[in-house]
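Asks: This is the structure, below, for whatever I ask next.
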Amino acid sequence: MNLSSIAAFLNPVNLFSIRGGIHPETRKFLTADCAIEEMPLPKLLRIPLQQHIGAEAAALVKRGDRVLKGQLIGKARGPVSANIHSPTSGTVVAVGEFVAPHPSGLPVPTVTIRTDGLDEWGPRLPRLRPETASPAEIAAQVAEAGIVGMGGATFPSAIKLNLRDRYPLTTLIINAAECEPYLTCDDRLIREHAEEVADGAAIIAKALGVDEIIIAIESNKPQAAAAIAHFNQPLGLRLQVKVVPTQYPMGSEKHLVQMVTGKETPARALTAELGVVVHNAATAHAVHLAVRYGEPLISRLLTVSGRAISRPANLRVRIGTPVLDIINHCGGLTEDPERLLLGGPMMGQPIATQRVPIVKGTNGILALSASEARKEDMMPCIRCGTCVQACPCGLTPFEMNARIQSGDLDGAARVGLMDCVNCGCCSYVCPSNIPLVQGFAFARGKLAEKQSRKHQQEETKRLAAARIAREEAIAEKKRAAMAKRKSEMAAKKAEEAAAAQEAAK
Ligand code: SF4
Ligand code: SF4
1 MNLSSIAAFL NPVNLFSIRG GIHPETRKFL TADCAIEEMP LPKLLRIPLQ
51 QHIGAEAAAL VKRGDRVLKG QLIGKARGPV SANIHSPTSG TVVAVGEFVA
101 PHPSGLPVPT VTIRTDGLDE WGPRLPRLRP ETASPAEIAA QVAEAGIVGM
151 GGATFPSAIK LNLRDRYPLT TLIINAAECE PYLTCDDRLI REHAEEVADG
201 AAIIAKALGV DEIIIAIESN KPQAAAAIAH FNQPLGLRLQ VKVVPTQYPM
251 GSEKHLVQMV TGKETPARAL TAELGVVVHN AATAHAVHLA VRYGEPLISR
301 LLTVSGRAIS RPANLRVRIG TPVLDIINHC GGLTEDPERL LLGGPMMGQP
351 IATQRVPIVK GTNGILALSA SEARKEDMMP CIRCGTCVQA CPCGLTPFEM
401 NARIQSGDLD GAARVGLMDC VNCGCCSYVC PSNIPLVQGF AFARGKLAEK
451 QSRKHQQEET KRLAAARIAR EEAIAEKKRA AMAKRKSEMA AKKAEEAAAA
501 QEAAK
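Reminder that position 463 of the sequence shown reads as 463 in full-length UniProt numbering, one-by-one numbering, no gaps.
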């Protein structure tokens, strides 16, 4: 595609607007020109059995087992869960608790594999021909391959493919906005593997039964937009590229749908209710590999960046690789980072130790220097309203915060706490440096705990009432049986007395 065509892409047409949002310094230049590198196998892989929304997978291996690349080592259990596969060949050296890649630093069940360097494949999944496969067959293959939302949401993708059974769907949007500062791995994926991403998108569209595919890319990725526009008829479907403005949080599912289609998804509703399903670009690539080649999700692309990293990079890394190995592969740290995060600087999670592994939803490792990580003293709220203007969900962050600070969590929920998407725009713009979004996440956790306690109490009450009702019903039955027996005995006695009288005559 020539420069004038790229310029045409950068002139977004047929788009709508979203409220709020911010324009943080993107700092994508640190890695945007770093081609994807394959990270060498580490000595140890730590593979958590819970890398997705839903129930943790059940371990299928034990200490001492030899495993092959692609072998199923954790089986999904329950309706919302995901399979886990061995990212290479080696020996299982432990199945037990290991620190999670999460700010809590709590341990989670984890399979540890000592890699043997052979990278020997076990049997792959049977390949599918998407041209002839049914939607149910595609969804089943995606479930077998353990694919989850790779933009960070980690919701099992097969469940989203099956939404066709519940909603009349019309449109698939591939989320290639990548609005978080620093991250460029989706950009590189599309620039270097555009045909595979387009094919994955078409396979997803087939599974959903839709014939409209929109690739939504922010305007700061012209090469990616141009690269994928070449493949505009995958599987005979029509693929359109829509270049959306560079604005955070454009990658938020509901906001992207609104920008592209003009349809606003109500709070706590699904975009599928509007006929639209959104999948991430990396998820589309994983679907391509699973369906065409029978490869389960055992590696992913991520960006390693920040001023405290010696050599920022975009890497393909096996799931379970410890953060420390990845940082060492990138030349180590130049200084003690002020913030060490998995994900982007806006929504990423701080980690307690570099020993934690990367998981299916990890799209970045950031080591931010003191000059990059804003750390200023917090001051009182001056009610300037800047946070209200920035909030893409139309909430009043300062009011929610005031209620949380006074302990009125229910009040905070009444003014929209549960509709907050945790984007952090409010904290970013607050001139008083109030950590609003952290407070909201904490308060939502407390409310969820309270809800669960309330639910438990109600359940206990319901069970007690049911038991009393059951006991009363049994007692009533006994009383009725007794009364019946009494009346039968009385009738029998009367009969006998009458018979005796008759005999005496
Ligand atoms: S931006 Fe900060 S200071 Fe301004 S109203 Fe919101 S919380 Fe208060
Ligand atoms: S974190 Fe929540 S309250 Fe703050 S801007 Fe984002 S959606 Fe609004």
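Even glycine gets a Cβ: it sits at the ideal position worked out from N, Cα and C.
By a C-beta neighbour count over all protein chains shown, 10 Å radius and 16 as the cutoff for buried, is Glu472 buried or exposed?
Replies: Within the sequence shown, numbered from 1, the residue matching residue 472 stands at position 472. Burial call: exposed.
Asks: Rounded to the nearest angstrom, how far is the Cβ of Lys62 from that of Val108, given a contact under 8 Å?
Replies: As a first step, residue 62 is located in the sequence shown; it is residue number 62 there, counting from the start. As a first step, residue 108 is located in the sequence shown; it is residue number 108 there, counting from the start. Not quite, the Cβ-Cβ distance comes to about 18 Å (not below 8 Å), so this is no contact.
Asks: So, for Ile22: in the same chain, excluding its five sequence neighbours on each side, which residues have a beta-carbon less than 7 Å away from its beta-carbon?
Replies: The count along the sequence shown starts at 1 and reaches residue 22 at position 22. If we look at Ile22 and ignore the five residues flanking it on each side, its Cβ neighbours are Tyr248, Ala390, Cys425, Tyr428, Val429.
Asks: So if DSSP puts Phe98 in a beta bridge, which residue, or which two residues, is it bridged to?
Replies: Position 98 of the sequence shown, counting from 1, holds the residue named residue 98. Phe98 pairs with Val108.
Asks: Less than 9 Å between the C-beta atoms of Pro284 and Leu235, yes or no?
Replies: Residue numbering aside, residue 284 sits at position 284 when the sequence shown is read from its first letter. Residue numbering aside, residue 235 sits at position 235 when the sequence shown is read from its first letter. The residue you asked about is not Pro; residue 284 is Ala in the sequence shown. No, Cβ-Cβ distance for Ala284 and Leu235 is not below 9 Å.
Asks: What residues in its chain sit with their C-beta under 7 Å from that of Leu10, if we drop five residues either side in the sequence?
Replies: For the purposes of this step, residue 10 is taken as the residue at position 10 of the sequence shown. For Leu10, the predicted structure reports a pLDDT of 49, less than 50, and the residue's modelled location is therefore unreliable. A value from the coordinates is still provided. Same-chain partners within the cutoff: Ser219, Pro222, Val243.
Asks: Answer yes or no: do His85 and Leu297 have a C-beta to C-beta separation smaller than 9 Å?
Replies: Against the sequence shown, residue 85 aligns to sequence position 85. Against the sequence shown, residue 297 aligns to sequence position 297. Result yes, Cβ atoms of His85 and Leu297 sit closer than 9 Å.
Asks: With H, G and I counted as helix, E and B as strand and the rest as coil, what does DSSP make of Leu15?
Replies: Working through the sequence shown from its first residue, we reach residue 15 at position 15. Of the three classes helix, strand and coil, the one that applies to Leu15 here is coil, per DSSP.
Asks: Quick one: does the C-beta of Met259 sit closer than 8 Å to a heavy atom of ligand 2?
Replies: Taking the sequence shown and counting its residues from 1, one reaches residue 259 at position 259. Result no, Cβ not under 8 Å from ligand 2.
Asks: Is DSSP giving Gly411 helix, strand or coil here?
Replies: Residue numbering aside, residue 411 sits at position 411 when the sequence shown is read from its first letter. Three-state result, Gly411: helix.
Asks: Quick test of your reading: Leu368 and Glu338, contact by CB under 8 Å. State the CB separation rounded to the nearest angstrom.
Replies: Within the sequence shown, residue 368 is the residue found at index 368, counting from 1. Within the sequence shown, residue 338 is the residue found at index 338, counting from 1. Correct: roughly 6 Å between the Cβ atoms.
Asks: Which first and last residues belong to the alpha helix (DSSP H) in which Pro222 is found?
Replies: Taking the first residue of the sequence shown as position 1, residue 222 is located at position 222. Segment 222-229, the alpha helix (DSSP H) holding Pro222.
Asks: Using CA coordinates, which residue listed in Glu502, Val323, Leu30 is at the minimum distance from Arg46?
Replies: Taking the sequence shown and counting its residues from 1, the one referred to as residue 46 is at position 46. The residue with the shortest Cα to Cα distance from Arg46 is Val323.
Asks: Is it true that the segment 177-186 meets the segment 353-362, where meeting means three or more beta-carbon pairs spaced less than 8 Å apart?
Replies: Not touching, per the Cβ criterion.
Asks: Let me know the alpha helix (DSSP H) ranges lying completely inside the segment 409-463, each 4 residues or longer, listed in chain order.
Replies: Within the segment 409-463, the complete alpha helix (DSSP H) runs of at least 4 residues are 409-414, 425-429.
Asks: What separation, rounded to the nearest whole angstrom, lies between the Cα atoms of His52 and Val92?
Replies: Sequence index remark: in the sequence shown, residue 52 carries index 52 (1-based). Sequence index remark: in the sequence shown, residue 92 carries index 92 (1-based). If I take the Cα positions, the gap works out to 22 Å.
Asks: If we count Cβ pairs, one from each stretch, closer than 8 Å, do we get three or more for the segment 34-45 versus the segment 181-190?
Replies: Yes, the segment 34-45 touches the segment 181-190.
Asks: Give me the Cα-Cα distance between Glu459 and Arg444, rounded to the nearest whole angstrom.
Replies: As a first step, residue 459 must be located in the sequence shown, where it is residue number 459. As a first step, residue 444 must be located in the sequence shown, where it is residue number 444. Using only the alpha carbons, I get a separation of about 22 Å.
Asks: Is it buried or exposed for Glu488, if we count other Cβ within 10 angstroms and need 16 for buried?
Replies: Residue mapping note: residue 488 aligns to position 488 of the sequence shown, counting from 1. It counts as exposed.
Asks: If I'm right that Ile147 touches Val287 with Cβ under 8 Å, what's the distance once you round it to whole angstroms?
Replies: Translated into the one-based positions of the sequence shown, residue 147 becomes position 147. Translated into the one-based positions of the sequence shown, residue 287 becomes position 287. 6 Å between Cβ atoms; contact.
Asks: With a CB to CB cut of under 6 Å and the five nearest residues on each side skipped, what residues in its chain are close to Ala225?
Replies: Numbered from 1 along the sequence shown, position 225 holds the residue referred to as residue 225. Phe9, Ile217, Val241, Val243, listed in sequence order.
Asks: Going along the chain, which residues put their C-beta within less than 5 Å of some heavy atom in ligand 2?
Replies: That query returns the following residues: Cys391, Cys393, Leu395, Pro397, Cys420, Val421, Cys423, Cys425, Cys426, Val437.
Asks: Going by beta carbon distance, what residues of the same chain come within less than 7 Å of Lys206, once the five residues before and after it are set aside?
Replies: Here residue 206 corresponds to residue number 206 of the sequence shown, with the count starting at 1. Taken in chain order, the residues that qualify are Pro130, Pro135, Ile138, Leu235.
Asks: Going by Cα to Cα distance, which pick from Asn401, Pro350, Asn422 is closest to Val415?
Replies: As a position in the sequence shown, residue 415 is number 415, starting the count at 1. Among Asn401, Pro350, Asn422, the Cα nearest to that of Val415 is on Asn401.
Asks: From Ile113 to Leu68, what distance separates their C-alpha atoms?
Replies: For this step, residue 113 is matched to residue 113 along the sequence shown. For this step, residue 68 is matched to residue 68 along the sequence shown. So the two alpha carbons sit approximately 11 Å from each other.
Asks: Would you tell me roughly how many angstroms separate the C-alpha atoms of Ala465 and Gly343, rounded to the nearest one?
Replies: Along the sequence shown, one-based indexing puts residue 465 at 465. Along the sequence shown, one-based indexing puts residue 343 at 343. Rounded to whole angstroms, Ala465 to Gly343 spans 48 Å at the Cα level.
Asks: If contacts are defined as beta-carbon pairs under 8 Å, then Leu49 and Ala59 qualify, I think. What distance do you get, rounded to the angstrom?
Replies: Along the sequence shown, one-based indexing puts residue 49 at 49. Along the sequence shown, one-based indexing puts residue 59 at 59. About 6 Å separates the two Cβ atoms, so the contact holds.
Asks: Within 10 Å of its beta-carbon, does Asn14 have 16 or more other beta-carbons around it, so buried, or fewer, so exposed?
Replies: Here residue 14 corresponds to residue number 14 of the sequence shown, with the count starting at 1. Answer is exposed; the Cβ neighbour count stays below 16.
Asks: For Ala313, I'd like the list of residues in its chain whose CB is within less than 7 Å of its CB, leaving aside the five on either flank, ordered along the chain.
Replies: Your numbering for residue 313 matches position 313 in the sequence shown. The residues are Thr31, Cys34, Glu37, Val304, Cys330.
Asks: Where Gly209 and Thr171 are concerned, what is the direct C-alpha to C-alpha distance, given to the nearest angstrom?
Replies: Start at 1 with the first residue of the sequence shown, and residue 209 comes out as number 209. Start at 1 with the first residue of the sequence shown, and residue 171 comes out as number 171. Spanning the two alpha carbons is a distance of roughly 9 Å.
Asks: What residue range is occupied by the uninterrupted beta strand (DSSP E) comprising Thr171?
Replies: Residue mapping note: residue 171 aligns to position 171 of the sequence shown, counting from 1. Where Thr171 is concerned, the enclosing beta strand (DSSP E) stretches over 171-176.
Asks: With 16 other CB atoms within 10 Å as the buried threshold, where does Cys384 fall?
Replies: One-based indexing of the sequence shown puts residue 384 at position 384. Its Cβ having fewer than 16 others within 10 Å, Cys384 is exposed.
Asks: Do Val278 and Leu301 come within 9 Å of each other at the CB atom, strictly closer than that value?
Replies: Taking the first residue of the sequence shown as position 1, residue 301 is located at position 301. Taking the first residue of the sequence shown as position 1, residue 278 is located at position 278. It is not a contact, given that the beta carbons lie outside the stated cut-off.
Asks: Would Ser406 be called buried (16 or more neighbouring beta carbons within 10 Å of its own) or exposed?
Replies: The count along the sequence shown starts at 1 and reaches residue 406 at position 406. Answer is exposed; the Cβ neighbour count stays below 16.
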